[in-house]
Amino acid sequence: MTELSRGQQAYRLFQKYEGNPIIRPEDWPYPANAVFNPAAAKLNTETLLLLRVEDMRGFSHLTVARSADGFTNWEIDPSPTLEADQDSREEKWGLEDPRIVWLEEQKQFAVTYVSFSEGGPVVSLAITKNFRSFARLGGLLPPEDKDACLFPRRFNGRFALIHRPIVRGEAHVWLSFSPDLKHWGDHQLLIRTRPAYWDCHRIGLACQPIETPEGWLIFYHGVRSTAAGQIYRVGLALLDLNSPWKVLHRSDEWVLGPSAYYERVGDVADVVFPTGAIVHKETDQLHLYYGAADCTVAVATAKLGNVLNYIQSCPRATE
Ligand code: BMA
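In the working numbering, each residue carries its 1-based index in the sequence shown increased by 7.
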């Protein structure tokens, strides 16, 4: 067999599930305009998604859906699972775009999400054991900030948070540290937008960081603004396992982009926006869950081993 070029590998890495979109507003047990951008976690043997649900005011809340195989027969909570606190100015206009990690030390799941405050989007944290009751730890950093997720463990005694503040109108990915999940500092730039590339205008973390022996596998979304609008695509980076502030490799190419009808047409055209991933170690399968065109949920699958081979063949990061 002839060797595939890296570009050809990137193109073939993920397969979009033929039953996409897997969850649509029509499937919802109560009125919803859009169901999208889901966080994902394995709960016992089930796949749990925590979806962003947009109501007919244009405000969002978060609701759980569960499935045995991660593709079909979703059992959806009959009412919102986590809603904005009406008395809180930080959550005035709703909750958006969650990510989930399991904190081994706390034996709890950490859910980072965006609270839409009067002052702009704020990264907030809630912890839960069961996705029925949540302890809210509040906003972590000032607006404008989005696309955040904790790492599941400490580094040199401190928790680490990936997030995406807007600074001077620029949207790069940052890393911050905390001894207690409350006070954050040592903020540093992790991944920058790249002039002229598909990720030239804005980037942000996609799903939660995935721990592998080779390092932390990071999916991020990248935006290019065109005369016809913005295109949201997905690329990869690999961070050092014990020093995640070191970027080892970054993909030149995107590995997932809008091409199917349900990704190209919707409330926001040409958007694939992953916010959750599940690794099935037994089969080496990676399920990447994403919002399609800000309307529905879709899933793409890959062999984790192939994704790791590909990212390790990508250029070494230079900054
Ligand atoms: C981003 C976020 C996402 C959304 C995406 C595309 O800024 O607000 O929730 O899916 O834009 O519209």
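Glycine included, C-beta positions come from ideal geometry on N, C-alpha and C.
Predicted model, so just to flag it, every value in this text is computed and none were measured.
I want to check one thing, is the minimum distance from the CB of residue i to the heavy atoms of the ligand BMA below 7 Å?
i, result
"G264", "no"
"D301", "yes"
"N163", "no"
"F226", "no"
"N40", "no"
"G298", "yes"
"V275", "yes"
"D104", "yes"
"E239", "Going by the sequence as given, residue 239 is Tyr instead of Glu. Because some heavy atom of the ligand BMA lies under 7 Å away, the Cβ of Y239 counts as near it: yes."
"N51", "no"
"V278", "yes"
"N249", "no"
"N44", "yes"
Which residues in the same chain as residue i place their Cβ atom closer than 8 Å to its Cβ, once the five residues preceding and following it in sequence are excluded?
i, result
"Y37", "P85 and S86"
"W223", "F158, P216, I217, L245, L246, D247, L248 and P251"
"T200", "E177, A178, H179, D206, C207, H208, R209, I210 and G229"
"P220", "L248"
"W191", "L147, L148, L168, S183, F184 and S185"
"E82", "A72, R73 and S74"
By Cβ distance, which residues of its chain are closer than 7 Å to residue i, with the 5 residues on each side in sequence left out?
i, result
"G312", "D291"
"D152", "P128, V129, V130, H170, R171 and P172"
"Q16", "Y317"
"H194", "W181 and S183"
"L196", "H179 and W181"
Give me whichever residues DSSP pairs with residue i in a beta bridge.
i, result
"C156", "I169"
"A17", "For A17, which the question treats as bridged, DSSP gives no partner whatsoever."
"T200", "Its beta-bridge partners do not exist; DSSP assigns none."
"R139", "R139 is not bridged to any residue."
"E218", "W223"
"Q195", "L182"
"L7", "No information on residue 7 is available, as it lies outside the stretch 8 to 326 that the chain covers here."
"R59", "F43 and L69"
"E82", "R73"
"S131", "Y120 and G146"
"A309", "L293"
"R209", "V230"
"Q22", "T308"
Would you say residue i and residue j are within 8 Å of each other, going by their C-beta atoms?
i, j, result
"T88", "V71", "yes"
"L188", "L144", "yes"
"I198", "H228", "no"
"V241", "P202", "no"
"N44", "V306", "no"
"G283", "Y296", "yes"
"A75", "E111", "no"
"A167", "F184", "yes"
"A41", "C302", "yes"
"R257", "A324", "yes"
"F116", "T135", "yes"
"Y239", "V279", "yes"
"L58", "A48", "no"
"F78", "I29", "yes"
"Q22", "T308", "yes"
"L3", "Y120", "No answer is possible for residue 3: it lies beyond the span of the chain, which begins at 8 and ends at 326."
"A300", "V272", "yes"
Can you find the residues in the same chain that come closer than 6 Å, C-beta to C-beta, to residue i, ignoring five residues on each side of it along the sequence?
i, result
"V352", "Nothing about residue 352 can be read from this structure; the chain reaches only from 8 to 326."
"E125", "R96 and K99"
"R209", "A178 and V230"
"K310", "D291"
"P14", "The question names Pro, but residue 14 is Gly in the sequence shown. Result list for G14: E260, in chain order."
"A39", "P32 and V60"
"F138", "V71"
"Y18", "none"
Unbroken stretches of the beta strand (DSSP E), 3 residues or longer, contained in the region 96-124: The region 96-124 contains, as complete beta strand (DSSP E) runs of 3+ residues, the segments 102-110 and 115-124 (chain order).
Runs of beta strand (DSSP E) lying entirely within the region 230-297, each at least 3 residues, in chain order: For the region 230-297, whole beta strand (DSSP E) runs of length 3 or above, ordered along the chain, are 236-246, 254-257 and 279-287.
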